[in-house]
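Residue numbering for the sequence shown follows the working numbering, starting at 315 and increasing by one per position.
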Amino acid sequence: MNKKASLNMAIEVIVIVVIAMTLLGLGLGFIKSQFSGITSIGTEVTEQVREQITGQLRTSGAKMSFPRTVQMARGERKVLTVGVQNTGPDTIYFGFEVVIDPAQSDHDPNDGKDWEGSGYDMRYSTDPCTFFLGPSEADAYGISVEAPNTAGTDTVIVKVVSKPAVTNGTECNAGAKQFDYSKTTSFITVG
C-alpha cells in the first residue's frame with residue numbers, strides 16, 4: 315500500500331506541475347498579445363502623425379515643421395516630431411541642432427548649446443550627413459527630450475543643419491561647410 319500511495323502522490327505532483335506550466339504559458343501569451351496590441355497602436359499613431367506633418371509641409375511649401383509650444387511634466391520624456399521638406403532641385407543631407415536661448419529661458423545652460431546646465435536631456439542626430447531627402451521629398455524625424463525636474467518655460471531654437479551633396483549628388487560632402495537649411499523657435503513649458 316505504501317508504494318501505491320507514493321506512486322499516486324507522484325502522479326498528482328506531475329499533473330499539478332503540468333497544469334501550472336500550462337497556465338503560466340497561457341498567461342504570458344495573453345500579456346504578450348496585449349503589449350503587442352499597444353505597440354501597434356503607437357506605431358499607427360506615429361504613422362498618422364508622420365503623414366499629417368508631411369502633408370502639411372507639402373501643402374504649405376514650408377521647409378520645416380515643429381510644434382510652436384510643448385507642455386511637459388517634470389522629468390517626463392517625449393519624442394517631439396520634426397518635419398523636413400526638400401524644396402530645392404537637389405538632394406539635401408542634414409541633421410539637427412537644438413539651442414536653448416539663455417536670455418529667454420528659466421533653465422539656463424552655460425552657453426546656449428550646453429544642455430548639461432539646463433536640466434534637459436536631448437537626444438538627436440547632430441551630424442549633417444545623417445539624413446537625406448531627394449527633391450520635393452518630405453519626412454518626419456524624432457527628437458527625444460527629457461524635461462528637467464524643475465518647472466519653467468524655455469525658448470528653444472530648432473535648426474535643420476545641412477551640407478551639400480558631392481558633385482554627382484549621390485553622397486554627402488562631409489568636407490563642405492555646414493549651413494542652416496531652416497530653423498524655428500519653440501517654447502517648452504515644464505509644469
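Note that the Cβ used here is the ideal one computed from N, Cα and C, for glycine as well.
Beta-bridge analysis with DSSP links ILE330 to no other residue. At least 7 Å separates the beta-carbon of GLY505 from that of PRO462. By the beta-carbon neighbour count (other beta carbons within 10 angstroms, threshold 16), ASP494 is exposed. Taking all protein chains shown into account, ASP468 has 16 or more neighbouring C-beta atoms within 10 Å of its C-beta and is therefore buried. Assignment of beta-bridge partners to ILE414 by DSSP yields VAL470. One thing to note: ALA452 has its Cβ no nearer than 7 Å to the Cβ of GLN370.
At the C-beta level, VAL459 and LYS392 come within 7 Å of one another.
Spatial neighbours of THR383 in its own chain (CB-CB distance under 6 Å, excluding positions within 5 residues in sequence) are listed in chain order as PHE501. The C-beta of VAL327 has fewer than 16 other C-beta atoms within 10 Å across all chains shown, which makes the residue exposed. Here the alpha carbons of PHE445 and SER476 stand approximately 9 Å from one another. Annotation for GLN362: no residue places its beta carbon closer than 8 Å to its own, counting only its chain and skipping 5 residues before and after.
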